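Report on the structure given below.
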Amino acid sequence: MKVPENLKYTREHEWARIRGKVATIGITDYAQDQLGDVVYVELPDVADEVAKDEQFGTIESVKTVSDLFSPLSGEVIKVNEQLEDRPELVNEDPYGDGWMIQIQISDPDEIDELMSAEEYEAYLEEEAGSMEDEEDDDIDEDDE
Amino acid sequence: MDSNEKILKKTPLFGIHVKSGARMVEFGGWLMPVQYSGIKEEHLAVRSSVGIFDVSHMGEIEVSGLDALAFLQHLTPNDVSRIPTGFAQYNALLNEKAGIIDDIFIYRLEDNRYLLCVNASNTGKDWLWLNEKATGFRVELNDKSAQTALLAVQGPKSSLIMEKTAGMKIAGIKRLQVAEGEIGGIRAVFARTGYTGEDGFEIFFDAAQAEKVWELLIEAGKEHGLVPAGLGARDTLRLEMGYPLHGNDIDEEHTPFESNIGWICKLEKGDFIGKDVLVRQKSEGVKEKLTGAVLTDKGVPRHGYEVLSPDGEKIGVVTSGTMSPSLGEGIALVRIRSEYVGEGREIYIQVRDKRRKALTKTPPFCKK
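The listed protein sequences derive, respectively, from chains D and Z. Everything in the first sequence is counted per this note's numbering, starting at 1 for the first residue and increasing by one. Everything in the second sequence is counted per this note's numbering, starting at 1001 for the first residue and increasing by one.
Next comes the structure, spelled out in structure tokens:
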């Protein structure tokens, strides 16, 4: 799983690239892998307000609908319109062409609450580990 | 053992799927591969070259004996007597209300020996029903599901794969034809049938040989771009064709006339369970029908979403929906009031908090 060093992360598997007071936001490689083929992304409009840890859109794969949660609060200044015709960009290039929204950060203190790449990687190992345990519980070898 | 613990069944190919990196999901009590490389990729591969599906979770019930034909005629709406030996027919098991207990394929292997292929989630129910209704008929019923592996090779190049692995005679059987033969020296029943809308073959054989036959087909398919395909692609493929899925689009509460499969009802044949209801529906019509819809707005229709008239009145529900990989549009099977069924009628689908415009369309959504 790719986890670029220079980004910040959330437990909901979103990333933020922060340059000054502007943050670009998307979902991580782990998230797109879990989703499978993305078929539709619903994003807010420019000038909409988004709030930290609150839903700003939805992302759909063939089999699921998932909410997108914003890592930071602010005003939407740009939306990736490419995703309308090519939602698969999220799978192909989750940290590049698959970016979703760009916001003007309203509360810079929130940045400290985000995870670093190292912390996110540790979090992923924990998640993957606990998922494996779940699987073992569900799949009992045939007892009969 | 905790009685709440679910024991999921596995096909003989479970190990191979996991090794191939397939994502496994629960389906009808089974742990099945939903995708290997990706649903869209697998779907498009089946449409353009060939894919292979492990559908060993499905049920196989043999019906044989002097009254096999009479028995099957009694239980189903289609005319089983029209199946020549060595051919197959799409049919259904109906209850007294003409509700669909299961949709099935009947393969006539010998004059008095039929193989029923039934949905995985309904195998137990179908078996009980058949046994219950067998009283007074000289038939022998055999549930072969546990010993039978079933692989589906589907796509325009499927006959090339079959020629290489099972010989020209098998590769040359006609659509809906069934023949016994060998694949890699292993005895099997081959049928030119499928659930994808493409040319294809379904192969029934001894479950103990599953890995061997799978590897053989994978190897033979390499030069033709054969990919393993999972239930995700199986669903998008059948939905593009408008084929119903029991539990979603068809169920025990709705008759074939209400479910876009009225064509399987041959009311001119003798008596069968549910016939009186169908005769009445044929003359009086039905209040609700299953049909297709294509979204003209953005969005993905899904099972359970409400269908509305242009005036905003609820007129039905989405029974199956997806983003069509071939068309790039949202497609759905919808159960709506009969007066709204037609070509290009404007309806709306409530996709979460947004109302999305759609047009009715009699399936298939893809021309085949």
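The beta carbon of each residue, even a glycine, is placed where N, CA and C say it ideally should be. Quantities reported herein were computed from a predicted structural model and do not represent experimental measurements.
Is there a Cβ of chain Z sitting closer than 9 angstroms to that of residue i, yes or no?
i       : result
D:Asn91 : yes
D:Thr28 : no
D:Val46 : no
D:Glu58 : Position check: residue 58 of chain D holds Thr in this sequence, whereas Glu was assumed. Judged by the 9 angstroms Cβ criterion, D:Thr58 is in contact with chain Z.
D:Glu88 : yes
D:Glu84 : yes
Out of curiosity, what's the CA-to-CA distance linking residue i and residue j?
i         : j         : result
Z:Asp1199 : Z:Leu1128 : 33 angstroms
Z:Glu1180 : Z:Phe1190 : 6 angstroms
Z:Lys1133 : Z:Tyr1090 : 20 angstroms
Z:Asp1297 : Z:Val1080 : 43 angstroms
Z:Asn1242 : Z:Gly1292 : Reading off the sequence, residue 1242 of chain Z comes out as Gly, not Asn. Going by the C-alpha atoms only, they are around 7 angstroms apart.
Z:Leu1217 : Z:Trp1263 : 35 angstroms
Z:Asp1103 : Z:Ser1145 : 16 angstroms
Z:Trp1030 : Z:Arg1047 : 26 angstroms
Z:Lys1125 : Z:Asp1271 : 23 angstroms
Z:Gly1344 : Z:Val1178 : 38 angstroms
D:His13   : Z:Gly1221 : 38 angstroms
Z:Ala1068 : Z:Phe1137 : 8 angstroms
D:Asp112  : D:Tyr9    : 11 angstroms
Z:Ala1207 : D:Val3    : 43 angstroms
Z:Glu1062 : Z:Leu1116 : 6 angstroms
Z:Asn1004 : Z:Ser1121 : Only weak support exists for where Z:Asn1004 lies, its pLDDT of 48 falling under 50; the value from the coordinates is given anyway. About 19 angstroms.
Z:Ala1366 : Z:Leu1295 : Correcting the residue identity first, residue 1366 of chain Z is Cys in this sequence and not Ala. Distance between the alpha carbons of Z:Cys1366 and Z:Leu1295 is about 14 angstroms.
Z:Leu1176 : D:Asp37   : 33 angstroms
D:Glu17   : Z:Ser1158 : Checking the displayed sequence, the identity of residue 17 of chain D turns out to be Arg instead of Glu. For D:Arg17 and Z:Ser1158, the distance between alpha carbons rounds to 48 angstroms.
D:Tyr95   : D:Ala31   : 11 angstroms
At a Cβ threshold of 9 angstroms, is residue i touching chain D?
i         : result
Z:Gln1035 : yes
Z:Asp1235 : yes
Z:Gly1304 : no
Z:Arg1023 : yes
Z:Arg1352 : yes
Residues of chain D with a CB under 7 angstroms from the CB of residue i: which are they?
i         : result
Z:Ile1039 : Gly36, Asp37, Val62
Under the three-state reduction of DSSP, which class applies to residue i: helix, strand or coil?
i         : result
Z:Ser1259 : coil
D:Asp93   : coil
Z:Ser1020 : coil
D:Trp15   : strand
D:Asp136  : Its pLDDT being 47, under 50, D:Asp136 is placed unreliably by the model, and nothing is read from it.
Z:Met1323 : strand
Z:Ser1309 : coil
Z:Thr1011 : coil
Z:Leu1151 : strand
Z:Pro1084 : coil
Z:Ala1179 : strand
Z:Asn1142 : strand
Z:Lys1289 : strand
D:Thr24   : strand
Z:Ile1264 : helix
Z:Tyr1107 : strand
D:Ala51   : coil
Z:Ile1173 : coil
Z:Arg1192 : coil
Z:Arg1234 : helix
Z:Met1058 : coil
Z:Gly1247 : coil
D:Glu141  : Because D:Glu141 sits at a pLDDT of 43, beneath the cut-off of 50, its placement in the model cannot be relied upon, and the following sentence gives the value as read from the coordinates. Of the three classes helix, strand and coil, the one that applies to D:Glu141 here is coil, per DSSP.
Taking the alpha-carbon of residue i as reference, which of the options has the nearest alpha-carbon?
i         : options                                    : result
Z:Arg1355 : Z:Ala1332, Z:Arg1345, Z:Pro1301            : Z:Pro1301
D:Asp48   : D:Phe69, D:Leu72, D:Val76, D:Asp33         : D:Val76
Z:Phe1053 : Z:Asp1143, Z:Pro1228, Z:Phe1365, Z:Gly1172 : Z:Pro1228
Z:Leu1094 : Z:Ile1261, Z:Val1318, Z:Glu1346            : Z:Ile1261
D:Gln102  : D:Lys21, D:Gln32, D:Glu118                 : D:Lys21
Z:Lys1009 : Z:Pro1364, Z:Gly1185, Z:Glu1258, Z:Met1058 : Z:Met1058
Z:Ser1338 : Z:Leu1075, Z:Ser1309, Z:Gly1232, Z:Leu1327 : Z:Ser1309
Z:Ser1259 : Z:Lys1266, Z:Asn1248, Z:Lys1269            : Z:Asn1248
Z:Pro990  : Z:Gly1232, Z:Gly1316, Z:Leu1333            : Past the edges of chain Z, shown from 1001 to 1368, lies residue 990 of chain Z, and the structure says nothing about it.
D:Thr24   : D:Lys2, D:Pro87, D:Glu110, D:Asn80         : D:Asn80
Z:Gln1147 : Z:Glu1306, Z:Leu1231, Z:Ala1210            : Z:Ala1210
Z:Pro1325 : D:Tyr30, D:Val39, D:Met1, D:Leu83          : D:Val39
Z:Phe1071 : Z:Leu1141, Z:Ile1101, Z:Gly1038            : Z:Leu1141
Z:Ile1101 : Z:Glu1288, Z:Glu1284, Z:Glu1252, Z:Thr1322 : Z:Glu1252
Z:Gln1035 : D:Ala51, D:Ile27, D:Lys63, D:Glu121        : D:Lys63
Going along chain Z in order, which residues have a C-beta closer than 9 angstroms to the C-beta of residue i?
i       : result
D:Tyr40 : Lys1298, Gly1299, Val1300, Met1323, Gly1330
Residues of chain D with CB under 8 angstroms from residue i, in chain order?
i         : result
Z:Gly1232 : Gly36, Val62, Lys63
Hey, would you say the C-beta of residue i is under 8 angstroms away from at least one heavy atom of the ligand ADP?
i         : result
Z:Glu1211 : The ligand content of the structure shown is nil, which means the ligand ADP is not present either.
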